[in-house]
Amino acid sequence: MCGIVGYIGAKNCIPILVGGLRRLEYRGYDSAGIGVLSQGKALVVKSVGKVSVLQDKLDKLSISSSIGIGHTRWATHGVPNETNAHPHVNEKNSLMLIHNGIIENYAALKETLKLAGYVFKSDTDTEVLAHLIDSFLNKGLTLFNSVRAALNEVEGTYGIAVIFENEPDKIVVAKKGSPLVIGIGDNENYIASDVSALVAHTQQVVYLEDGEVVEVYKDKFIAKDVSDKEIVKKVQEITLKLDEISKGGFQHFMLKEIMEQSESICNSMRGRLVPTEGTSKLGGIEEYADRLAQSKRIIISACGTSYHAGLVGEYMFEQFAEIPTEVEYASEFRYRNPIIYPEDTVIFISQSGETADTLAALKESKRRGALCIGICNVVGSSIARESHAGVYIHAGPEIGVASTKAFTSQLIVLSLITLLIARKKRMSLIDGQNVVSEIEHLPEKIESILRLNDGIEKIAEDFKDAKNFLYLGRGYNFPVALEGALKLKEISYIHAEGYPAAEMKHGPIALVDKMMPVVFIAPRDSTYEKILSNIQEVKARHGRIIAIASESDDKINDLVDYTIKVPDTIRMLMPILTVIPLQLLAYHIAVKKGLNVDQPRNLAKSVTVE
Ligand code: G6P
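Using the numbering used here, you'd call the opening residue of the sequence shown number 452 and step up by one each time.
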């Protein structure tokens, strides 16, 4: 989703801004722009489409400047065009502003500003902010105070950066509900909405909190909170390295991320398994482990792929931790006036740690007194910081918009939490040790599945022209069916539905004919025989069947058109294996259709608006 970068120092900021915007491309956007002070005057350059288009424009202009801001816009208010792209300016063209988030009361503010004589050029909510700040500058306030005064009138979410011609030594930034970080350099400072735009320049960062407004100079920054009190901000070291956010020889980030799953799940479990005691050790929730185990109920709240991980978590928690568990889309949960008791634990799963709905659901649950636990990938992200306690999944940066390695790492962490609670309850030492051993063996099993890549690519060739797909699974593998379908639609734009296999007869079977590919997730488990019956039902209607089956299964080959075999493991861990062929299948179909796998149309990596 929208991205922010900025620079103030002695260097020419143009390559820094463009480089930063490129690093943010993965978040999803449809236009881009930069605003700099060139010979003391505000200068804005914008373009529709990719950052490369903006780069071409800038190359022709050969501008140089030591202070500037850049933005990638993902359209919310107004179509993607140059007028709606950021930065937005005031009428005198002396103030430039970029904004992530949504100004909810923009219509009312716009009317008031129009009555005061302001003329609007764009359809955006952001332009309102530029004029509103201008109205305070006209009253003689400094830029900092004008920004603060304007934000006092605003409802909604924002991460903003503002440059003003008359105060050319600073960028003013502010945050509420949309991430913003300052990168500290040597006599130069950076700003960004995401640390990946900063790692090429500095490892020293300062995360802004909601309500903070900061003046960023080249050699210092002054931060104030909502009550106008100056605050001392902690400078933190980021461990992210540049090579971690590059493709490393793969054609796409998504393929790289699928292929690194044997390693990423190792990182998720490293140092956290205690084989002798058949349990896990999770430093981030240690203090709350007993309260968690005694919870009357667990609610898991998340969006997208993280929601699907939550659904697998529900099966784990109910089977082994013996705690009733519900899983809710964060967007529904936050507005449903949910009944939350103090004895409840609410777990928030989010790769980015910034998803607006999940963050809002977390704040609501905290307000209602529940123990709130975050399962995030991005260290220092808003959800990680807002939660009472949490477990990082340590999957490493995920750049491809379609989530892959974060999903399998989320499942690892959920299994570790399950083990921790189950061993505090009725799971025996032997059973605990068995789970530990099965978790430890997953990386080599993933390796063996990844070796099936060429075969899966061939299957993709046969299905690349399909218009619809059905994914069916039962029990632990029902969420995998949902996730497989989501992967396919996200990147190949083929309509796909995930369903519990037994529900097929209540609707989807009407769709089955020889044009309908059906993917069955059918490992040998307690529902295997029933899944075979469902397969027969599809076969009788000439559906084309792909089965994800157990290595030991030699019966299924005769029933289906294509079989992808995965090694066996215990039921609760099976989704970590069965999902991988589905990620590869979606990937290869999208590549064969010539689509932009890493940045699918209309999607964003981190959804920081509702
Ligand atoms: C977006 C991404 C998905 C992701 C979802 C939730 O839709 O495109 O890949 O699953 O957001 O994101 P989160 O960062 O909260 O896991």
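C-beta atoms are modelled at their ideal positions from N, C-alpha and C, and glycine is treated no differently.
Looking at C-beta atoms only, is the number of pairs between the segment 721-733 and the segment 872-892 that lie closer than 8 angstroms three or more? Taking a cut-off of 8 angstroms on C-beta distances, the segment 721-733 touches the segment 872-892, as three or more cross pairs fall below it.
Using 10 angstroms around the beta-carbon of Val1017, count the other beta-carbons present and answer buried if the total reaches 16, otherwise exposed. Burial call: buried.
Within its chain, find whatever has a CB closer than 7 angstroms to the CB of Arg723; leave out the 5 residues flanking it on each side and keep chain order. If the five residues before and after Arg723 are omitted, its C-beta is found closer than 7 angstroms to the C-beta atoms of Ser731, Lys732, Leu733, Leu867, all from its own chain and listed in chain order.
Please work out which residues of its chain come closer than 6 angstroms, Cβ to Cβ, to Ala1041, disregarding the five sequence neighbours upstream and downstream, and give them in chain order. Excluding sequence positions up to five before and after Ala1041, its CB lies within less than 6 angstroms of the CB of Ile942, Ser943, Val1048, all in the same chain and listed in chain order.
Are Glu929 and Pro968 close, meaning C-beta to C-beta below 8 angstroms? According to the sequence provided, residue 929 is Phe. The question's Glu does not apply to it. No, Cβ-Cβ distance for Phe929 and Pro968 is not below 8 angstroms.
Mapping the DSSP letters down to three states, classify Gln884 as helix, strand or coil. Looking at Gln884 - three-state DSSP - the assignment turns out to be helix.
What are the boundary residues of the alpha helix (DSSP H) that Met705 is part of? For Met705, the uninterrupted alpha helix (DSSP H) segment begins and ends at 704-710.
Assign Tyr792 to buried or exposed, taking buried as 16 or more other Cβ atoms, counted over all protein chains shown, within 10 Å of its Cβ. By the C-beta density criterion, Tyr792 is exposed, having fewer than 16 other C-beta atoms within 10 angstroms.
Counting pairs of Cβ atoms below 8 angstroms between the segment 559-567 and the segment 520-533, do you hit three or more? Output reads no: the segment 520-533 does not touch the segment 559-567.
Would you check if the distance between the CB atom of Cys453 and the CB atom of Arg524 is smaller than 8 angstroms? Yes, these two residues count as a Cβ contact at 8 angstroms.
For Asn532, which residues of its own chain have a beta-carbon under 8 angstroms away from its beta-carbon, when the five flanking residues on both sides are left out? Closer than 8 angstroms at the Cβ level, and outside the excluded window around Asn532, lie Ser482, Val499.
In DSSP terms, what Cys453 is bridged to: None; Cys453 has no bridge partner.
I want to check one thing, is the minimum distance from the CB of Gln1050 to the heavy atoms of ligand 1 below 7 angstroms? Answer for Gln1050: no, Cβ out of range of ligand 1.
Which residues mark the beginning and the end of the beta strand (DSSP E) in which Val970 is found? Where Val970 is concerned, the enclosing beta strand (DSSP E) starts and stops at 968-973.
As a quick exercise: from Ile751, Ala781, Val970, Val763, pick the residue whose alpha carbon is nearest that of Ile824. Of the candidates Ile751, Ala781, Val970, Val763, the one whose C-alpha sits nearest the C-alpha of Ile824 is Ile751.
In three-state DSSP terms, what is Thr796? Three-state result, Thr796: strand.
Residues that DSSP places opposite Ser1001 in a beta bridge: In the DSSP assignment, the residues bridged to Ser1001 are Val1017.
Does DSSP classify Tyr641 as helix, strand or coil? Tyr641 sits in a strand when the DSSP states are folded into three classes.
Helix, strand or coil: which one does DSSP assign to Phe920? Per DSSP, reduced to three states, the secondary structure at Phe920 is strand.
Please state the DSSP three-state secondary structure of Tyr477. If DSSP states are grouped into helix, strand and coil, Tyr477 belongs with the helices.
What's the gap between the Cα of Thr855 and the Cα of Met878? Between Thr855 and Met878, the C-alpha separation is close to 30 angstroms.
Alpha carbon of Leu1054 to alpha carbon of Val665, nearest angstrom: Distance between the alpha carbons of Leu1054 and Val665 is about 31 angstroms.
Give the range of the beta strand (DSSP E) segment to which Ile960 is assigned. No beta strand (DSSP E) holds Ile960; DSSP gives it neither H nor E.
Do Gly529 and Thr575 come within 8 angstroms of each other at the CB atom, strictly closer than that value? In this structure, Thr575 sits near Gly529, with a CB-CB distance shorter than 8 angstroms.
On the premise that Val646 lies in contact with Val656, defined as a C-beta separation below 8 angstroms, what is that separation, rounded to the nearest angstrom? About 6 angstroms; that satisfies the 8 angstroms criterion.
Ligand 1 and Leu1054: does the residue's C-beta get closer than 7 angstroms to at least one heavy atom of that ligand? Yes, Cβ of Leu1054 sits closer than 7 angstroms to a heavy atom of ligand 1.
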